[in-house]
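Okay, so here's the structure we're looking at.
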Amino acid sequence: MQTEFILICFFMPVFSEGCCAGNQKKTNSDFQQDRTNLHYRAVEGETFMVPCLGFRAGECTTGNKGLPLNCGKAFTAHAKHSGNYTCDTGGSQIFFFLQVLDKDSLGCFHTKESSVILLISAGGTIPCPGQDCGNSKHMSRTIWYKGNKPMSAQNRAYCVENRTLHLCQVSDLDHGVYFCDRNVIEEGIEWTFRRAVQVTVTPANLIAPYPPTIVEPDNYTSKEVELGQAYTLTCKIYFPVEVNILYNVKWFMNYNGNTKNVITLHMEKPQLDRRTFENEVIQKAVINDVTEQHLNHTYTCFASNTAGNSSATIELKKVIKVKWPSLIGYPFVGLLVITGVGVVLHVKWLELQLFYRSHMQDGKHDEDEKEFDVFVSYVWSPVSAVKADVTGPDTDETARLSGTLTSKEQSETHTPLAVLLPHVLEDEWGYRLFMLERDVLPGGAYTNDVVLAIQRSRMLICVLSSDYLCDSNAVFILETGIKTPRYPGWSNGA
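For the sequence shown, the working numbering gives the first residue as 815, with consecutive numbering after it.
What follows is the structure in C-alpha cells.
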C-alpha cells in the first residue's frame, strides 16, 4: 500500500470576543520582585533573553565559565550557560543567576507549544507553554514580553486571560519571539520561569492562491551517482500560506520511466521552514545502495495543496570515475614521449650540422673553387731515403711529397712518408694531392709554380724536421703558404 506524508496544522482566527470584546484592556501584570538579585530558569534548546531591568543593553559583564550574557540579546539556552552573572547598572550591580533545565526534567511542562501562526487582520492567541500543568496553579501572574519590552509598554490592544496572551488584531509587526514569565517561590528563593514562543504572522488566506513551486530539482534533469554508494533524492518546495495548511510531498520511482507503474519511496521526516508568505518544505528520500537497476528508472517529486499540484522528474546517471593512476600515468608517458622525440631530433640536427660543416664551408662547395685538396711539402732525410730504396714503390721520387700523416702514425710506422702519403690520402681517403715534383712540368719558374700550386689547394701540410728547416726551397714553400691570401676554405697546416 502506498504511503505518503501529510503535515496538517489547523488554526482559526480569534475575533473580538472574551477579554478583547468592548474595551481592549491592557493587563498590567508586571511582577514586583527584588531587582538586585535575579533568579531565572530557562529550558535547554529554547530561545532565552536576559531582561534589561535597570541597566542598558550590552552592559552585562562576563559570567560563569567565561560566557558573557548581554541583556536584550536572544540566544539558545544550553547547560553551559547556567551560573552566576553580574550586571553593571552604572552606579550599582545586579546579580543574575541562570539555571538551564533539561527537557526531560520538565514533566508536563515539556510541551510543543513553542510556536504559533497568526493571521493578519484577525485576532490571535499565544498560549504560554505548560500553562495547564498542575504545578502552574501555584505560580503567580504571568508577565508577557515581546522581545525585551513587556506587553504593558507596547502600543497595541491586547489582554491576558488564563496566562494566554490575546492579540485583538494581528498585524505584520507582531512577528517575533514572545516570552512568558511566571514567578514561584521555592525554599525562600523567588524564581522566574521564562518560556519562549515563536510567533509567525501570515496573510489570512482561506485557500492557497496558487499551487506549490518546486525549486529543486529541475524537471527532466540527470543526477550523477556512483554505483554501490548511497544517494539522497532532495526536493525543495515553496508552499503559499493558507489557513488549513495541507502539505503533501512524495517521492515516486517510475519503473523503466513509466509514470503509470510507480512505487512510493521511503522518505525522511520533512523539514519545514515557516515564513510570512511562503513556507519552505524539504523532502528527502534515500537510496541506500545504487545499482544498475536504479539507472533504468526515473524519479518524480510530487507536491500538492488545495490549489493544485506540481512535479519534477529526474533520472540517475552513472558517473565515470577516473582513477588516480591514470591521471598521473598519462601525463608522465606523454612527457617521456615528447622528451624522447626531442632528443632524437636534437641528435639528427647535430648530424646535419656535422655533415654540412664537413662538406660545405661558407655555403659553397670547395670543389667548385679549389683544384687540389692538399699541398704537401716534405724533405727527405738520409735515413728515409735508404728505407725508400728498400721499399720499392716510388723510388724515383725526390725529397718532397704531398700527403697527410699524423704524428702518431709517423712515430709508429717505419715506412717512409713518400710511400705512405700517396697511398693513404689518395687511394684510401680519396684526397686530391698536389706533389711539386710530380705535378709541375720541368723548365718552369719554380717560384711561380709554388705560389700557383698553393693558391689552387685547400690546405698546405708541411712536415717539419731539422732537414726541412735547413732546406731553402722547403722554407720558401712554408713562407709562401703563410703569406699567401686566404680564400674561403683555405687553411694552413704545419
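Ideal placement from N, C-alpha and C gives every residue a C-beta, glycine not left out.
Fair warning: this is a prediction, and the values are worked out from it, not measured in the lab.
Proximity of residue i and residue j at Cβ, strictly below 8 Å
i, j, result
"Y1192", "V1277", "yes"
"H1111", "M1081", "no"
"L912", "S896", "yes"
"V914", "A936", "no"
"S1133", "E1038", "The residue asked about is misnamed: residue 1133 is Val in this sequence, not Ser. Result yes, Cβ atoms of V1133 and E1038 sit closer than 8 Å."
"P1054", "P1023", "yes"
"W958", "V984", "no"
"K894", "V857", "no"
"F1091", "P1017", "yes"
"T1006", "D995", "yes"
"A967", "V991", "no"
"T1294", "I1268", "yes"
"T1048", "I1101", "no"
"S1036", "K1131", "yes"
Rounded Cβ spacing between residue i and residue j (contact assumed at less than 8 Å)
i, j, result
"V1013", "D986", "Not really, about 11 Å apart at Cβ, beyond 8 Å."
"T900", "C942", "That pair is no contact at about 29 Å."
"E1129", "L1041", "Going by Cβ atoms, the distance from E1129 to L1041 rounds to 15 Å, so no, they are not a contact pair."
"T956", "E1056", "With a Cβ gap of about 31 Å, T956 and E1056 do not count as contacting."
"I1051", "V1063", "6 Å"
"Y1045", "V1104", "5 Å"
"V1190", "L1247", "6 Å"
Cα-Cα separation between residue i and residue j, rounded to whole angstroms
i, j, result
"M1273", "V1188", "5 Å"
"E1001", "L1086", "43 Å"
"Y1282", "W1194", "8 Å"
"A888", "R1008", "13 Å"
"C982", "A971", "6 Å"
"I1291", "L1234", "21 Å"
"G1122", "Y1061", "11 Å"
"T1027", "I999", "52 Å"
"S1125", "N1033", "8 Å"
"V1257", "G1244", "First, the residue type needs correcting, since residue 1257 is Gly and not Val in the sequence shown. Distance between the alpha carbons of G1257 and G1244 is about 30 Å."
"E1240", "G1148", "51 Å"
"L1164", "G1156", "12 Å"
"K963", "L933", "22 Å"
"A1099", "E860", "29 Å"
"I1296", "L1255", "24 Å"
"V864", "R1089", "26 Å"
"H1179", "E1185", "Model confidence at H1179 stands at a pLDDT of 47, short of 50, so the residue's coordinates are unreliable; what they give is reported in the following sentence. If you take the alpha carbons of H1179 and E1185, they lie about 12 Å apart."
"V1316", "T1153", "This structure cannot speak to residue 1316, because the chain is shown only from 815 to 1308."
"G1206", "H1237", "Residue placement at G1206 is flagged as unreliable, the pLDDT there being 44, under the threshold of 50; a coordinate-derived value is accordingly withheld."
"F862", "Y854", "10 Å"
"N1093", "T850", "44 Å"
"F993", "N1070", "55 Å"
"L883", "F909", "12 Å"
"W1065", "Y1113", "7 Å"
"C833", "Q945", "18 Å"
"N997", "I1003", "10 Å"
"D1263", "L1250", "8 Å"
"T1073", "S919", "50 Å"
Range covered by the alpha helix (DSSP H) that runs through residue i
i, result
"A1267", "Y1260 to Q1269"
"D1187", "Here D1187 belongs to no alpha helix (DSSP H); instead the beta strand (DSSP E) covers F1186 to S1191."
"Y1282", "S1280 to C1284"
"L1250", "L1250 to D1253"
Bridge partner(s) assigned by DSSP for residue i
i, result
"T1027", "Y1052"
"E1092", "P1054"
"I999", "E1004"
"D1087", "E1094"
"S1125", "F1116"
"W766", "Because the chain here runs from 815 to 1308, residue 766 falls outside it and cannot be looked at."
"A856", "V914"
"L1130", "K1037"
"K963", "K960"
"N851", "F909"
"A1010", "F993"
"M1067", "I1077 and Y1113"
"I1101", "Y1045"
"T1016", "L933"
Range covered by the beta strand (DSSP E) that runs through residue i
i, result
"K960", "T956 to K960"
"L920", "That residue, L920, is in no beta strand (DSSP E); it is neither H nor E in DSSP."
"C973", "Y972 to E975"
"T900", "G897 to D902"
"I1077", "V1076 to T1078"
"S935", "Taken as a continuous stretch (DSSP letters only), S935 belongs to no beta strand (DSSP E), as it is neither H nor E."
"L981", "T978 to L981"
Short CB-CB distance (under 8 Å) between residue i and chain D
i, result
"I1077", "Of the chains in the structure shown, none is chain D; there is only one protein chain."
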